[in-house]
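Residue numbers (the numbering used here): 26 to 369.
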């Protein structure tokens, strides 16, 4: 109550009293800002859900890597400079790049949370993390050829860089134009706290979006790699089956060629069958069919009367030439040599 009466007296005491009240109000406001203000000045800032998630992910995939704080304080080593040369292509290389991207984003998140505004060393450390993040992004784009996918990520990183540059320029300008007088310095300090508060809010939003964007892109990439892996496995199985059938045909060509030669010695009434192994083909039945039906197919001979050629070449798998063969049976198909008709 006495304080209120004293303030009322000062209010009516003239300009000196009003100045004193304004100064007292400003000091109270600054005290509130300092008490509640910038994370990393008085108390460590609580980590957001996205940051905790990213750091947990980083611990799973990079157990041997150094902590983010050690990363931002260490200079770039020759190993990191030569990493581009040792990076492998393909699915394993892509997943390694993505794990490193995730680690860089986690380091950026931690570096921004503990950034001391106005400290040149902190600006350098965070800038180094950003440059490394961009380098790894470019490396991934170079491998996949999908720069469109990373456009949103690059835009967020650029916004973080621009904001840090704005703060750095603000600090440099404040050093050059240092205000005179206690009152002007208090006002400048209050403005600085407000700028820092707004900057931290913007950085928090940007890093959250950065983490969410990277998580989304990596999830898509994992899904794509899983699909491509299934396709590769199916193609490999198909190739193995094709090779197995070809080997079976090759195994049967030699005895079939011998039988054909023996059977054709006493007759000239039928077309000549090529004797060279490379003149043999094979045909897999798409449905049940007899040798006559197979011989009549356009892709075989187109003539049902050539069924005996098939019979002589496939005696090891055809027990009765008149009975239908099951679907999937592989038959050797000797090529018929065409004779020139010289009769005019």
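We put the beta carbon where it would ideally sit given N, CA and C, even for glycine.
Let me make sure I understand the geometry here. Which of the options has the alpha-carbon closest to that of residue i?
i           : options            : result
residue 327 : 184, 334, 319      : 319
residue 186 : 232, 218, 217      : 232
residue 184 : 234, 360, 343, 324 : 234
residue 220 : 269, 194, 265, 180 : 194
residue 238 : 322, 329, 180, 206 : 180
Beta-carbon within less than 6 Å of residue i's beta-carbon, same chain only, minus the 5 sequence neighbours each way: which residues are those?
i           : result
residue 346 : 316, 336
residue 216 : none
residue 206 : none
If contacts are defined as beta-carbon pairs under 8 Å, then residue i and residue j qualify, I think. What distance do you get, rounded to the angstrom?
i           : j           : result
residue 309 : residue 355 : 5 Å
residue 342 : residue 359 : About 15 Å; that fails the 8 Å criterion.
residue 227 : residue 188 : 6 Å
Can you say whether residue i is buried or exposed, counting buried as having 16 or more other CB atoms within 10 angstroms of its CB?
i           : result
residue 331 : buried
residue 271 : exposed
residue 339 : buried
residue 246 : buried
residue 242 : buried
residue 324 : exposed
residue 114 : The predicted position of residue 114 is uncertain, since its pLDDT is 38 and thus under 50; no value can be drawn from it.
residue 94  : Confidence is the limiting factor: at residue 94 the pLDDT is only 41, short of 50, which leaves the residue's position unreliable, though a coordinate-based value still follows. So residue 94 ends up on the exposed side.
residue 91  : Any answer about residue 91 is weak, because its pLDDT of 43 lies below 50 and its placement is not dependable; what the coordinates show is given next. Residue 91 should be labelled exposed.
residue 167 : The predicted position of residue 167 is uncertain, since its pLDDT is 45 and thus under 50; a value taken from the coordinates is nonetheless stated next. It is exposed - the Cβ of residue 167 has fewer than 16 other Cβ atoms within 10 Å.
residue 110 : The pLDDT assigned to residue 110 is 41, lower than 50, so where the model puts this residue is not dependable; a value taken from the coordinates is nonetheless given after this. The residue in question, residue 110, is exposed, as its Cβ has fewer than 16 Cβ neighbours within 10 Å.
Suppose the cutoff is 8 Å on Cβ atoms and the five residues either side in sequence are ignored; what does the same chain contact list for residue i look like?
i           : result
residue 329 : 317, 318, 320, 321
residue 19  : Given that the chain is displayed from residue 26 to residue 369, the structure contains no residue 19 and the question cannot be resolved.
residue 266 : none
Skipping 5 residues on each side, what residues in its chain have a beta carbon closer than 7 Å to that of residue i?
i           : result
residue 244 : none
residue 240 : none
residue 248 : none
Taking one C-beta from the stretch 307-315 and one from the stretch 347-359 each time, how about it: are there three or more such pairs within less than 8 Å? yes
Are the stretch 257-269 and the stretch 208-221 in contact at 8 Å, needing three or more beta carbon pairs? no
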